[in-house]
Structure formats: C-alpha cells, structure tokens
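Asker: Have a look at this one.
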Ligand code: SF4
C-alpha cells in the first residue's frame with residue numbers, strides 16, 4: 627500500500643508560515659509566506675501540512691479587537707492568549723488540536739514519517755520555546771501547541787516540535803533542518 631512515488635515524509639507547519647494573511651493585525655513579517663522556510667521544505671520533497679490558524683478559527687481575523695493593531699504587540703498577544711482560554715474559543719481550540727493529532731495518527735498508522743511540527747515562537751497560540759503572557763515574552767508554550775501536545779500524548783504519539791521566528795531566519799532554517807533528519 628502507498629508504494630507509488632510519494633515520499634511518505636511530512637511536516638506540519640503553523641498556518642502563517644505559508645499564509646501571513648492570517649496573522650493578527652500589525653504583526654505580519656512577509657507579504658505572503660516565509661519564503662526561505664517554505665523553499666527549504668519544498669526542496670526536501672516533504673509533504674507540507676498547513677495546520678489551521680487557531681486564532682483565526684477561535685477569535686476571527688481581528689481576534690475580537692479591531693483596535694488590536696494599535697496596541698503594543700505583547701499586550702495584544704497577552705489579551706489574545708487569555709481570550710483563547712475562554713469558551714467558546716477554548717472548545718474550538720481543542721477541536722482543532724484533535725484534528726491535527728488525528729492527521730499525525732493516520733499517517734503514522736501507515737508508516738509515513740511525520741518528521742515534526744513547526745510552531746511560531748512568541749505567539750500566544752503557536753509558541754514553542756516562548757509565548758506571550760502578562761505583556762511579556764516568556765518561556766513556555768502557546769495554548770494551541772499545548773493542546774496539540776496533550777492530544778498527541780493521549781494517543782501515545784511522539785512528534786518533535788520546534789519553534790521558529792521570522793526575525794531569526796538562520797536559526798529557523800537550522801531548526802527545520804534538524805526536523806528533516808528525523809526518521
Ligand atoms: S502563529 Fe499561529 S495563531 Fe498566530 S497567525 Fe500563525 S498560525 Fe495563526
């Protein structure tokens with residue numbers, strides 16, 4: 627089964643790696659995609675799974691605050707983090723995390739190599755090494771990454787997760803190259 631030309635290698639990436647239009651107002655760092663990260667993945671013959679943007683699904687494009695772009699980023703990010711933890715956003719967040727974990731589980735079931743997950747540091751939702759809490763960038767994970775981890779653990783699945791920042795491209799590419807080596 628699945629012995630055609632497909633590479634059977636996959637990586638999950640935060641939605642905004644491919645689509646910066648999803649980002650909260652005032653924080654996009656590219657017109658459309660993080661080209662260097664995407665190019666690296668495209669040239670690695672790895673299937674790219676674009677995870678849903680949790681904040682877009684849970685709070686909307688304006689994140690529930692049309693003046694959010696006028697706030698300092700960490701202040702607005704911290705507000706978003708709190709909003710993501712309240713219902714009904716939190717219910718949707720859990721649903722999205724389940725959908726991500728389900729895809730990983732299904733590919734693993736058939737022997738595909740899911741090399742890892744790429745999150746976005748400082749994000750209240752997709753941060754891996756750092757997130758935004760109490761108006762500061764602090765060590766810790768965003769609420770979506772936490773929910774994905776919980777869901778993967780429940781299914782006894784281990785997947786490497788790295789966080790990248792658009793402002794630190796060489797480091798980001800090194801992190802992604804590290805995931806690409808995962809078997
Ligand atoms: S970091 Fe996560 S929540 Fe923020 S825009 Fe990207 S995908 Fe959406």
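Numbering (the working numbering), first residue to last: 627 to 809.
Yeah, the Cβ is synthetic: ideal placement off N, Cα and C, and Gly gets one too.
Since we're looking at a predicted model, the values are computed, not measured.
1. Keeping to the same chain, check which residues put their C-beta closer than 8 Å to that of residue 756; ignore five residues upstream and five downstream.
2. Taking the alpha-carbon positions, what's the residue 633 to residue 672 distance?
3. In angstroms with no decimal places, state the Cα-to-Cα distance between residue 741 and residue 716.
4. Have a look at 759, 792 and 719 and flag the residue whose alpha-carbon is nearest the alpha-carbon of residue 846.
5. Can at least three beta-carbon pairs, one atom from the segment 684-699 and one from the segment 658-667, be found at a separation below 8 Å?
6. For residue 739, report the span of its alpha helix (DSSP H) as first-last.
7. Label residue 713 either buried or exposed according to how many other C-beta atoms from any shown protein chain fall within 10 Å of its C-beta, with 16 as the threshold for buried.
8. Taking buried to mean at least 16 other C-beta atoms within 10 Å of its own C-beta, is residue 704 buried or exposed?
9. Under a Cβ-count criterion, where at least 16 other Cβ atoms within 10 Å of its own Cβ denotes burial, should residue 768 be classed as buried or exposed?
10. Measuring CB to CB, does residue 729 end up less than 8 Å from residue 675?
11. Distance check for residue 745 and residue 796, CA to CA, integer angstroms please.
12. Between which two residues does the beta strand (DSSP E) carrying residue 726 extend?
13. Which value, in whole angstroms, describes the spacing of the CA atoms of residue 702 and residue 657?
14. Mind checking whether residue 794 and residue 751 have CB atoms under 8 Å apart?
15. Would you kindly work out how many angstroms separate the C-alpha atoms of residue 806 and residue 784, rounded to a whole number?
16. How long is the line joining the alpha carbons of residue 641 and residue 677, rounded to whole angstroms?
17. Would the C-beta of residue 681 count as close to the ligand SF4, meaning under 7 Å from any of its heavy atoms?
Answerer: So, from the data block:
1. 747, 748, 763, 764, 765, 766 and 789
2. 7 Å
3. 27 Å
4. For residue 846 there is no data in the structure shown, the boundaries of the chain being 627 and 809.
5. no
6. Element bounds for residue 739: not the alpha helix (DSSP H) but the beta strand (DSSP E), 739-746.
7. exposed
8. buried
9. buried
10. yes
11. 16 Å
12. Where residue 726 is concerned, there is no enclosing beta strand (DSSP E), although the alpha helix (DSSP H) it sits in stretches over 715-735.
13. 21 Å
14. no
15. 15 Å
16. 5 Å
17. yes
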